[in-house]
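Report on the following structure.
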Amino acid sequence: MRFQDKVALVTGAGSGIGAATARRLAREGARVGVLDVGAQSAGEVVAAIREAGGAAQAIEADISDADSLQNAVAEFMNTAGRLDIVVANAGINGLWAPIEDIEAHEWDATQNVNGRGTFLTFKFCVPHLKKQGGSATIVSSLHGHAGLTIMGSTAYAASKAAQIHMARKLAVELARWEVRVNVVSPGYTRSRIGQSHSKRNIESIKLDISRAPGSGRLHVGPLDPDHIASAIAWLSSDEAAFITGVHLPIDGGESLVSG
Ligand SMILES: NC(=O)c1ccc[n+]([C@@H]2O[C@H](COP(=O)([O-])OP(=O)(O)OC[C@H]3O[C@@H](n4cnc5c(N)ncnc54)[C@H](O)[C@@H]3O)[C@@H](O)[C@H]2O)c1
Numbered sequence: 002m003r004f005q006d007k008v009a010l011v012t013g014a015g016s017g018i019g020a021a022t023a024r025r026l027a028r029e030g031a032r033v034g035v036l037d038v039g040a041q042s043a044g045e046v047v048a049a050i051r052e053a054g055g056a057a058q059a060i061e062a063d064i065s066d067a068d069s070l071q072n073a074v075a076e077f078m079n080t081a082g083r084l085d086i087v088v089a090n091a092g093i094n095g096l097w098a099p100i101e102d103i104e105a106h107e108w109d110a111t112q113n114v115n116g117r118g119t120f121l122t123f124k125f126c127v128p129h130l131k132k133q134g135g136s137a138t139i140v141s142s143l144h145g146h147a148g149l150t151i152m153g154s155t156a157y158a159a160s161k162a163a164q165i166h167m168a169r170k171l172a173v174e175l176a177r178w179e180v181r182v183n184v185v186s187p188g189y190t191r192s193r194i195g196q197s198h199s200k201r202n203i204e205s206i207k208l209d210i211s212r213a214p215g216s217g218r219l220h221v222g223p224l225d226p227d228h229i230a231s232a233i234a235w236l237s238s239d240e241a242a243f244i245t246g247v248h249l250p251i252d253g254g255e256s257l258v259s260g
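To get my numbering, take the position in the sequence shown, counting from 1, and add 1.
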């Protein structure tokens with residue numbers, strides 16, 4: 002019970018990695034705010050946590066909408082009273098396409114959730130974390146630091162790279178309040194993120210992967226969300242008390258060979 006008496010907020014916790022993380026933190030004693038833009042999926046995760054004997058509360062909010070998120074965090078704090086752990090996980094794949102085929106509003110849509118949404122999550126949660134210290138973990142992606150041979154994900158990759166550097170900057174800024182900030186970068190993981198994904202004209206920039214350095218030497222299958230949740234739980238716990246500003250790839254080695 003590493004998280005006894007702790008309160009955690011997980012964004013995008015209605016599905017995939019966020020849901021697995023919420024369940025893991027709750028199983029080890031945390032009271033968890035299950036935040037998602039989808040009220041139904043958040044409610045289902047809360048029901049499963051409660052059925053397993055844990056404590057959780059559904060929070061409906063869009064992380065890219067400042068008013069929606071500010072009100073949701075304030076409401077959660079009114080009932081939970083404190084905040085020790087934040088997992089900034091919510092994100093979308095957005096449009097993958099050749100750069101000239103991406104419309105400005107499509108680029109913005111990806112940055113609004115993954116970039117602006119992560120900023121707003123910190124903006125509204127940090128004042129509560131600062132009160133007693135705590136841990137914040139951002140869920141970036143293999144695309145944020147590698148995966149150069151996976152074509153068309155430029156908007157997504159740019160948003161995910163920004164998250165990695167954001168974590169480093171905030172680790173330094175928040176250290177004096179004993180708030181640790183780390184970032185994990187999963188490889189391909191089973192989830193519903195394909196529903197937030199569209200592709201256009203990808204064939205036109207397809208790469209002959211057999212020519213990429215290192216390709217073919219390592220085959221990496223999809224990860225289970227629990228593989229990511231384990232690392233996030235460890236980073237969120239006192240076992241990682243002196244770990245901050247760290248970027249941790251969790252991809253079975255895929256980033257070592259994907260360019
Ligand atoms: N699945 C993968 O292969 C993979 C790999 C690397 C990184 N990631 C990252 O992991 C994170 C979680 O993705 P997942 O794979 O579990 O996907 P998922 O689609 O299963 O879960 C994401 C959740 O975030 C919610 N969400 C989306 N936009 C939101 C918003 N504006 N406000 C609030 N909630 C919102 C969705 O409703 C959904 O429940 C994302 O940041 C994603 O980029 C996923």
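C-beta atoms are modelled at their ideal positions from N, C-alpha and C, and glycine is treated no differently.
Tell me, please, whether the region 145-164 touches the region 222-232 by the rule of three or more beta-carbon pairs shorter than 8 Å. no
For Q164, name the three-state secondary structure that DSSP assigns. On the sequence shown, position 163 is the one that residue 164 refers to. If DSSP states are grouped into helix, strand and coil, Q164 belongs with the helices.
Going by DSSP, what residue range makes up the beta strand (DSSP E) through H198? Here residue 198 refers to the residue found at position 197 of the sequence shown. Run containing H198: 198-200, per the beta strand (DSSP E) assignment.
Cβ-heavy atom distance, D239 to ligand 3, below 6 Å: Only ligand 1 can be found as ligands here, which leaves ligand 3 out of the picture.
Thinking A98 and N202 are a contact (beta carbons under 8 Å), I'd like their distance in whole angstroms, please. Within the sequence shown, the letter at position 97 stands for residue 98. Within the sequence shown, the letter at position 201 stands for residue 202. A98 to N202, Cβ: 6 Å. Contact.
Near ligand 1: S65 beta-carbon under 6 Å from a heavy atom: Taking the sequence shown and counting its residues from 1, one reaches residue 65 at position 64. Yes; taking the cut-off as 6 Å, the Cβ of S65 has a heavy atom of ligand 1 nearer than that.
Are there any heavy atoms of ligand 1 lying less than 6 Å away from the beta-carbon of I93, as far as the coordinates show? As a first step, residue 93 must be located in the sequence shown, where it is residue number 92. Flag set: Cβ of I93 near ligand 1.
Since D37 sits in a beta bridge, which residues does DSSP pair it with? On the sequence shown, position 36 is the one that residue 37 refers to. Answer is E61.
Helix, strand or coil for H220, going by three-state DSSP, please let me know. Looking up residue 220 in the sequence shown gives position 219. Interpretation of H220 is limited by its pLDDT of 44, a score under 50 that renders its predicted location unreliable; no figure is taken from the coordinates.
Output yes or no for whether 7 Å exceeds the beta carbon distance between A172 and T245. Translated into positions along the sequence shown, residue 172 becomes position 171. Translated into positions along the sequence shown, residue 245 becomes position 244. Contact: yes.
Secondary structure of S186, DSSP reduced to three states: Here residue 186 corresponds to residue number 185 of the sequence shown, with the count starting at 1. Residue state, collapsed to three classes: strand.
In DSSP terms, what I203 is bridged to: Indexing the sequence shown from 1 puts residue 203 at position 202. Per the DSSP secondary-structure output, I203 pairs with nothing in a beta bridge.
Thinking C-beta only, is G188 closer than 7 Å to D239? On the sequence shown, position 238 is the one that residue 239 refers to. On the sequence shown, position 187 is the one that residue 188 refers to. Contact flag unset, no.
Under 6 Å from any heavy atom of ligand 1, does the C-beta of P128 make it? As a working note, residue 128 is residue 127 in the sequence shown. No, Cβ of P128 sits at least 6 Å from all heavy atoms of ligand 1.
Output the distance between the C-alpha atoms of S237 and E179, rounded to the nearest integer angstrom. Taking the first residue of the sequence shown as 1, we reach residue 237 at position 236. Taking the first residue of the sequence shown as 1, we reach residue 179 at position 178. If you take the alpha carbons of S237 and E179, they lie about 13 Å apart.
Spell out a yes or no on whether the region 2-22 and the region 78-97 are touching, meaning 3 or more CB-CB pairs, one atom from each, closer than 8 Å. yes
Could you spell out the range, first to last residue, of the alpha helix (DSSP H) harbouring T111? Taking the first residue of the sequence shown as 1, we reach residue 111 at position 110. First-last of the alpha helix (DSSP H) with T111: 105-112.
L121 to A43, Cα distance in whole Å? The sequence position of residue 121 within the sequence shown is 120, counting from 1. The sequence position of residue 43 within the sequence shown is 42, counting from 1. As the crow flies, the alpha-carbon of L121 is around 20 Å from that of A43.
Rounded to a whole number of angstroms, what is the C-alpha to C-alpha distance between V247 and V182? Indexing the sequence shown from 1 puts residue 247 at position 246. Indexing the sequence shown from 1 puts residue 182 at position 181. Looking at the two C-alpha atoms, the distance is approximately 8 Å.
Just checking, does the region 14-32 make contact with the region 46-53 on the three C-beta pairs under 8 Å criterion? yes
Going by CA-CA distance only, name the one from V35, G95, I103 that's closest to E76. Numbered from its first residue, the sequence shown carries residue 76 at position 75. Per the Cα distances, V35.
State buried or exposed for V73, treating a residue as buried only when at least 16 other CB atoms are found within 10 Å of its CB. Sequence index remark: in the sequence shown, residue 73 carries index 72 (1-based). Reading the sequence as shown, one finds Ala at residue 73 and not Val. Flag for A73 reads buried.
Less than 7 Å between the beta carbons of V38 and D68, yes or no? Taking the first residue of the sequence shown as 1, we reach residue 38 at position 37. Taking the first residue of the sequence shown as 1, we reach residue 68 at position 67. Not closer than 7 Å, so no.
At the level of alpha carbons, what is the spacing between I139 and G145? To locate residue 139, count along the sequence shown from 1; it is residue 138. To locate residue 145, count along the sequence shown from 1; it is residue 144. Rounded to whole angstroms, I139 to G145 spans 12 Å at the Cα level.
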